[in-house]
Each structure stands twice: as structure tokens, then as C-alpha cells.
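The structure under discussion appears below in the form of C-alpha cells.
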């Protein structure tokens, strides 16, 4: 192995160590990333603060990379409805499989609020066809029944993703706006059932 190859491999190993150590801290802090300091990361990864700054520049950039990786791992579970349990979260026969799918996505967001917020806002600020929002969009598109044109399904998937993300980001004032309590699972089940009905994707 050449020196350049060794250096490249070593740098990759150091970066992965920093990322993995930071992910551990994010998960143990329940996503409250503002409580994580560069020194915490340095101590957990057993490397200098200077190396962290050298590889990532800022804590914010490092956190964004880690958040993207955390959520992308989870969002893969939504990429194929065939691998999902369609009965999960269904309280009555009135709820469709699509509603169950949507509420599973939303439940993940509300279960990991800080991480999800960072991911969504990061995706909106820097759109990318491979980011988590794009992965979610593609998963939603695949979940929509193939009963109309491809363009219409794409449009409905885009609208549904925008609705899910907006509902999540505004969840603390949604009761004032729409008289829907997103703390109550039954309320947001019903909310997304109505959204799916309006979009005609039940």
C-alpha cells in the first residue's frame, strides 16, 4: 500500500470514528444536539478537537452528517410497503394501509423531534435528490397505488411529503391553527386519513 493510500485509509478511519462517536452521543442524548459539545465528541472518539475541526470544519456540519446517516438508516424501512406490517397502528377498519404508512413516518418524526427537525430543515436549505426528504418522497411515491398517471402519482407524493413535514414543524401550534392535537395519536391518525382522502390515495 502506498503512503497516499495509507493516508487516505487513515483519514477515512478517523472520520468514521468521529461520525460513529458523535452518533452515539446524539442517540444517548435523545437527539438534543445543542447539549453536545466538540469536547464531548473529542472525548468520546478519543481524538483531539483539532482533528474534528480539520475533518468537518464545524460542529454543525458534523451533526448534519450524523443526523442524515441516522435518519437514512431508519427511512430505509419505509422504502417498501411489502416489508411493513400494514396492521401496525391501525385502530379501526376505517384507516387505510396508506394512512398507516403515513402515520408510521410521522410517528418516527415525533419520536425523534430534534434529529428530524435538523434533517428536514437541512434538506429544505440544501435540496439534494439523495437526501432523506428525497428518499421519503420516493418511498411515498412507491406506496401510492398504480391507478393513475405517473406524473399525478409524483405530484401527490410531493404534496403528501410537504404536508407531513409542515405538520411536524408546526405541531406545537397546529391545535391553534386546525384544532388538531398532535400529542394525541388518534388525532393525527384522523388528520392524515383526511389528507389521504383529499389526495385520493386511500
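Residue numbers (the working numbering): 46 to 247. From the three backbone atoms N, C-alpha and C, an ideal C-beta is built for every residue, glycine too.
Secondary structure at residue 158: helix, using DSSP grouped into helix, strand and coil.
As for any alpha helix (DSSP H) of minimum length 4 sitting wholly inside the segment 179–217, the runs are 195–214, ordered along the chain.
Counted as a single uninterrupted DSSP element, the alpha helix (DSSP H) harbouring residue 88 occupies residues 83–90. Leaving aside the five residues that flank residue 189 on each side, the residues in its chain whose CB is nearer than 7 Å to its CB run, in chain order, 198, 201, 202 and 246. If you draw a straight line from the Cα of residue 82 to the Cα of residue 104, it comes to about 8 Å. In summary, residue 184 is buried, with 16 or more beta-carbon neighbours lying within 10 Å of its beta-carbon over all protein chains present. Counting only the Cα atoms, residue 86 lies some 7 Å from residue 63. By the beta-carbon neighbour count (other beta carbons within 10 angstroms, threshold 16), residue 217 is exposed. Classified as exposed, residue 195 has fewer than 16 neighbouring CB atoms from the shown chains inside 10 Å of its CB.
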